[in-house]
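Asker: Numbering-wise (our numbering), the sequence shown opens with residue 19 and increments by one.
Even for Gly, the Cβ is constructed at its ideal location relative to N, Cα and C.
No experiment lies behind these values; they were computed from the predicted model shown.
The structure under discussion is supplied below as structure tokens; questions concerning it will follow.
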Amino acid sequence: MPFKVLIIGGAGGMGRWCAGLFKNAGHDVYISSRRDASGVARSLGVGLASPQDAGDFDVVVLSVPMDVLEEVASDAAPRMRPGSLLMDLSSLKVKPLEAMLRHAPPGVEVIGTHPLFGPQSDFSGRTIVLVPTKRSVRWLPIIRPLFEEAGLNVLEATAERHDMNMAVVQGLTHFIYVAMGRALEKSQVNMEEASLFKTPVYGITKEMLGRVLSQSPELYALIQSSEHAGALRRAFIDACVELNSELEEGRLEDFIRDFKSAATYYGDTEGARERSERIIRDYGA
């Protein structure tokens, strides 16, 4: 049965993606934005509304930066009617869910979501994380099939489990690339010259570095704000200091020992080499 959806922040990339998904599923979709979103609404074939209209909708989705999510939730959520659903698309889940549960009135259900891809991606076969709460009994069996029927792989997790794993998948990964970019900048490396000597692995690494650096620094800074990301950053910096000391002091045996230890902890390095060979072949094609 079609329901009425408001996407707050619907003019942004993920907001537009979400609007398209609900619209393609046959639902009545509206977007709101702090800027003029009339052109975006026309291009998507959806309506325009305001967060103050949240009480008119069955589902309200917060597609806003994490640093303003509580402010937006405090405005929209109290207006929602019992039986409706409040969702978000944030890259972290603990604090956004706490904010939504705090501001949503009794009877309003809450589910956290995090698409593990960007709005430009072909999302068929990609993963979206759903974080149910104690207040999602009615809506979870409706929302999960909606995403599955759109071709998404749905992974359910707690907010804590999500944020712990995002500290690895996003937090540490982003930090490594940004640190590499700063090291190249500080060393005044001639990027064009280095590319003349590139190996396949460096070529792919350079492209991934550029991909990360093309993203929103504000979003990436917010992703670093979780305590789990902070713990991994400190572990990474400690590992860099340790390995650098071994090399600076000529303790190559210690470096080799730590290299082998890391490989053992990783596990299937041979499988990773085979899989990465396919990436290298595609990159050279």
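(1) Could you check what DSSP says for D300 in three-state terms: helix, strand or coil?
(2) Among the residues of its own chain, which have a CB less than 6 Å from the CB of R251, if the five just before and after it don't count?
(3) Starting from the Cα of D54, find the closest Cα among D46, A67 and A43 and give me that residue.
(4) Since G143 is in the beta strand (DSSP E), which residue starts that stretch and which ends it?
(5) Mind checking which residues open and close the alpha helix (DSSP H) that includes P235?
(6) Taking C-alpha atoms, which residue in M105, E167, S108 and L115 lies nearest to N42?
(7) Are the CB atoms of R156 and E127 within a distance shorter than 8 Å?
(8) In the DSSP output, what is L173 paired with across the bridge?
(9) Using only the alpha-carbon positions, how far apart do I274 and P235 sit?
(10) Enumerate in chain order the residues of its own chain whose CB-to-CB distance from Q242 is below 8 Å, with the five nearest sequence positions on each side excluded.
(11) If you follow the beta strand (DSSP E) that L24 is in, where does it begin and where does it stop?
(12) Could you check if A257 is buried or exposed, using at least 16 other CB atoms within 10 Å of its CB as the buried criterion?
(13) Using the beta-carbon count (16 or more within 10 Å), is I255 buried or exposed?
(14) Out of G101, S109 and P69, state which residue places its alpha-carbon closest to the alpha-carbon of M84.
(15) Counting C-beta neighbours from all protein chains within 10 Å, is the total for I297 16 or more, i.e. buried, or is it exposed?
(16) Contact defined as beta carbons within less than 8 Å: I believe G57 pairs with P20. What is the distance between those atoms, to the nearest angstrom?
(17) Using a Cβ-Cβ cut-off of 7 Å (strictly less than) and excluding sequence neighbours within five positions of S51, which residues of its own chain qualify?
Answerer: In this structure, then:
(1) In the structure shown, D300 adopts helical secondary structure according to DSSP, grouped into three states.
(2) Result list for R251: F193, in chain order.
(3) Nearest of D46, A67 and A43 to D54, Cα basis: A67.
(4) Judged by DSSP secondary structure, G143 falls outside any beta strand (DSSP E); it is assigned neither H nor E.
(5) In the DSSP annotation of this structure, the continuous segment of the alpha helix (DSSP H) that includes P235 starts and ends at P235 to I241.
(6) E167 is the residue among M105, E167, S108 and L115 whose C-alpha sits nearest the C-alpha of N42.
(7) Cβ atoms of E127 and R156: closer than 8 Å.
(8) Note: L173 is bridge-paired with V147 in the DSSP secondary-structure output.
(9) Each residue's Cα considered, the two are about 35 Å apart.
(10) Within the same chain, and ignoring the five residues on either side of Q242 in sequence, the residues whose Cβ sits closer than 8 Å to its Cβ are G189, H192, F193, G248 and R251.
(11) Counting along the chain, the beta strand (DSSP E) containing L24 begins and ends at K22 to I26.
(12) Taking all protein chains in view, the Cβ of A257 is surrounded by fewer than 16 other Cβ atoms within 10 Å, so the residue is classified as exposed.
(13) The residue in question, I255, is exposed, as its Cβ has fewer than 16 Cβ neighbours within 10 Å.
(14) With distances taken between Cα atoms, M84 lies closest to S109.
(15) Exposed, because fewer than 16 other Cβ atoms sit within 10 Å of the Cβ of I297.
(16) 25 Å between Cβ atoms; not a contact.
(17) Excluding positions up to five away in sequence, the list reads G27, G28 and A29.
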